[in-house]
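What follows is one structure encoded as structure tokens, with my remarks underneath.
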Amino acid sequence: MAQVSIIGGGNVGANAGFFIAEKGVTDVLLVDIKPGLSRGKMLDIMEAAPIRRYRNFLGGSDSLSDIKGSEFVVVAAGAIRSPGMRREELFAVNAGLIRGLAPEIARLAPDAVVAMATEPVDGLTALFARESGFPRSRVMGVGGILDSTRLRALIARELAVSMEIVSAMVIGRHSDDMVCLPRYCSVAGVPLPLLLPPDRVNALIEETRTAGDLVVELAKRSSAYYAPSAAIAELADSVHMNLNRVFCVSVLLEGEYGIRDAALSLPALIGSRGAQRVLTPELTPQEVAVLQESARKISAAIKGMVKA
Amino acid sequence: MKVSVIGAGNVGAKAVYYIAEKNIADIVMVDVVDGLAGSKALDFLHAAPLRGYEVRIRGTTDFGEIEGSDVVVMTAGIARKPGMDRMDLLKTNAGIAASAAREIAARAPNAVVIVVTNPLDVIAMVMLRETGFALRKVVGMAGVLDSTRLRWFIAEKLGVWPGDVQAMVLGGHGDEMVPLTRYTSVGGIPLDQLLDAADIEALVKRTRTGGAEIVSLLKTGSAFYAPGASVAKMVEAVIKDERRLFPASAYLRGEYGYRDIYLGVPVIMGRNGVERIVELPLAEEERKALDSSAEEVKKGLQELSTAMGVPA
């Protein structure tokens, strides 16, 4: 069976392992440098298998070399936010780790599609793409898919409709400057602006923007991990089954909207070769300006680190 | 929860299959043909150990067994055969629907009724009148099928996962369908940003004749997988109170400017059936197409009153 490897046995990593296990189509290996941690967590998940009925191999390891030949690698290692902290502040903390991991992953799993879940995802996606030498299609950040999922949940709650029929699009940086596109949000195909007045749409957008902060505030000692893990499992599934599902993921831009050298979330077709086709929905000049400003900040952070 | 399916033909049986696999309700199949529903139910049950469904499935000729159903699906009726007079089809199926309606009213007075029997918009009206049910409790299945076909054709054309394609259609079934391509999108991106007008028109045309395409390939009989799946999706929305937005045939009281007819419109389906009808702004062309769809339905109702000797 194809193998999914998850690096980082914290809440996001372990729950991603859990959700992927429930899909039942790939083996899952959880890797953490802390001896025993990932083995313990995966054993716990494995022991639920008779009840939950998955039958794939689930394992834990403290050695990165066990990811060898993986089809899909999730990077969920590194420091997380504490209340009041912005995601960007983690760049200085986590960039060194990602710089070290990228060539190792590239060596051990040269054909893998990589999902970056360590924050800040956009900066680290761009950094990973550069340091691994992977084509941009095979390095995707878990950004917009999570923001879109949150907005979907809020729209469904507001309209009291099934979440499954709500489609939402949030692109750009996975931060306060994310770009929510209500005209590209719809309920069974009906555009959101036809169903909800602008002030309510704006309120939901504001709530989406701060949704991650709210979880950190409430949980105090952790940041969100169920929704991010669920998003990772969907990406893994779409890659493994070559589904070409459309998800907003952070990818290194190669001239889209005039942007290069930064990763931002855009809708993309996710299949066995990763983000196989990046879609560029029509945007207003204001929206493009926000993306360009986000990209400038990401590029600056990467340049700053390289000098340091 | 309990779902009854009237009519154990291909569409009814396939609907039972899809509903059973969802594991959400016990199912009763009723068919007047002796042994037909019973044999199919037994065949389903034999597969239960492999497929893992835990619901009860019964097949019977006895309407008494639909007692207390939460949802009743009406698929019984004859199919139109080449050369058959349209009035004969209408008259026969209206008669079948009327007698089923009286059974449903007596034995499952709280059920939501999903009508599949053709001509759909007219049979739905017969069902409403003969059960005396609240307007929202009787709804027709057609738009879900037309839109799932359109969604599949778009997904195939673009090479994307079909679940990410959303499409909305109005009006009658098949030829009478009014596609709202402005409200059709892929991962939220409007279709016209991904395909040119000629490609879209070709996909719409194929959808209009989607049923006929299957008939011509099958030679005998018509489609039943996609229709069965469409029924199951609507049943699930009711049983689980999902409040899904579907294109479905609903009784209109002024919505979209029509009154006292059944017509395909976007509805929110939940525990009470049609929880809400969603009114969308229409372009002039869409309005015209919907008008002609409504005219067809009115004509059908007129024919019904002639055939049954009752006022329309």
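Read top to bottom, the protein sequences are chains A and B. For the first sequence, my numbering begins at 173 and goes up steadily by one. For the second sequence, my numbering begins at 96 and goes up steadily by one. Just so you know, even glycine gets a beta-carbon here, dropped at the ideal spot from N, CA and C.
Asked: Three-pair Cβ contact test at 8 Å for the segment 442-459 of chain A versus the segment 295-306 of chain B; Found: no
Asked: Helix, strand or coil at LYS328/B [DSSP, three-state]; Found: helix
Asked: Simplified DSSP assignment, three categories, for THR499/A; Found: Because chain A in this structure spans residues 173 to 480, residue 499/A falls outside the shown range and cannot be described.
Asked: Residues within the segment 328-347 of chain A neighbouring chain B, beta-carbon criterion of under 8 Å; Found: ALA332, VAL333, SER334, GLU336, ILE337, SER339, ALA340 and MET341
Asked: Among ALA203/B, THR187/B, ASP121/B and PHE228/B, nearest to ASN213/B - alpha-carbon criterion; Found: THR187/B
Asked: Proximity test, Cβ basis, 8 Å: PRO457/A and chain B; Found: no
Asked: Contact list for the segment 279-302 of chain B against chain A, Cβ threshold 7 Å; Found: THR279, SER280, VAL281, GLY282, GLY283, ILE284 and GLN288
Asked: VAL92/B, DSSP secondary structure in three states; Found: Chain B is shown only over 96 to 407; residue 92/B falls outside these bounds and no answer can be derived.
Asked: Simplified DSSP state of ALA116/A, which is helix, strand or coil; Found: Past the edges of chain A, shown from 173 to 480, lies residue 116/A, and the structure says nothing about it.
Asked: Validate contact between the segment 297-306 of chain A and the segment 324-334 of chain A using beta carbons, cut 8 Å, 3 pairs; Found: no
Asked: Candidates GLY316/A, GLY272/A and PRO275/A, of which the one nearest VAL293/A by Cα; Found: GLY316/A
Asked: Beta-carbon spacing of LEU415/A, GLY446/A below 8 Å; Found: no
Asked: Backbone secondary structure at GLY266/B - three-state DSSP; Found: strand
Asked: Positions along the segment 413-430 of chain A whose CB lies within less than 7 Å of some CB in chain B; Found: LEU415, ASN416, ARG417 and VAL418
Asked: 8 Å Cβ cutoff met for LEU438/A and VAL462/A; Found: no
Asked: Contact set between the segment 345-371 of chain A and chain B, restricted to residues whose Cβ is under 7 Å from the partner; Found: TYR356, CYS357, SER358, VAL359, ALA360, GLY361, VAL362, PRO363 and LEU366
Asked: Cross-chain neighbours of GLN54/B in chain A, by beta carbon under 7 Å; Found: No answer is possible for residue 54/B: it lies beyond the span of chain B, which begins at 96 and ends at 407.
Asked: Whole-Å CB distance - LYS109/B paired with PHE319/B, under 8 Å assumed; Found: 5 Å
Asked: In DSSP terms, what ALA420/A is bridged to; Found: A quick correction: the sequence has Cys, not Ala, at residue 420/A. Answer by DSSP bridge pairing, in chain order: PRO439/A.
Asked: Partner residues on chain A for GLY254/B, Cβ-Cβ distance less than 8 Å; Found: ASN416 and LEU441
Asked: Close beta carbons around LEU202/A, own chain, < 7 Å, minus the five adjacent residues each side; Found: ILE178, GLY181, GLY185, ALA186, GLY189, SER210, LYS213, MET214 and GLY232
Asked: Whether ALA189/B touches THR226/B by CB criterion (8 Å); Found: no
Asked: Neighbouring residues, chain A, relative to LEU375/B (Cβ below 7 Å); Found: VAL362 and LEU366
Asked: DSSP bridge partner residues for LEU201/A (one or two, in chain order); Found: SER177/A and GLY231/A
Asked: Stretch-stretch touch, CB-based, cutoff 8 Å, three pairs: the segment 118-127 of chain B with the segment 348-365 of chain B; Found: no
Asked: Anticipated Cβ contact below 8 Å, PRO342/B with VAL281/B, distance rounded; Found: About 18 Å; that fails the 8 Å criterion.
Asked: Span of the alpha helix (DSSP H), counted from its first residue to its last, around ARG197/B; Found: 181-202
Asked: Contacts around ALA396/A, its chain only, beta-carbon distance under 7 Å, and the 5 residues preceding and following it disregarded; Found: GLY384 and VAL387
Asked: Neighbour flag for GLU454/A against chain B, beta carbons, 8 Å; Found: yes
Asked: Cutoff 8 Å: LEU323/A Cβ touching any chain B Cβ; Found: no
Asked: Rounded C-alpha distance that separates ALA132/B from LEU286/B; Found: 43 Å
Asked: Given 8 Å, three or more beta-carbon pairs between the segment 231-248 of chain A and the segment 281-288 of chain A; Found: yes
Asked: Simplified DSSP state of ILE470/A, which is helix, strand or coil; Found: helix
Asked: Residues that ILE119/B contacts on chain A, provided the C-beta gap is smaller than 8 Å; Found: Residues of chain A passing the Cβ test: none, with the nearest at roughly 14 Å.
Asked: Exposure of LEU390/A, with buried meaning 16 or more beta-carbon neighbours within 10 Å; Found: exposed
Asked: Partner residues on chain A for GLY361/B, Cβ-Cβ distance less than 8 Å; Found: Reading off the sequence shown, one finds Pro at residue 361/B, where the question assumed Gly. Under the 8 Å cutoff, chain A gives ALA360 and VAL362.
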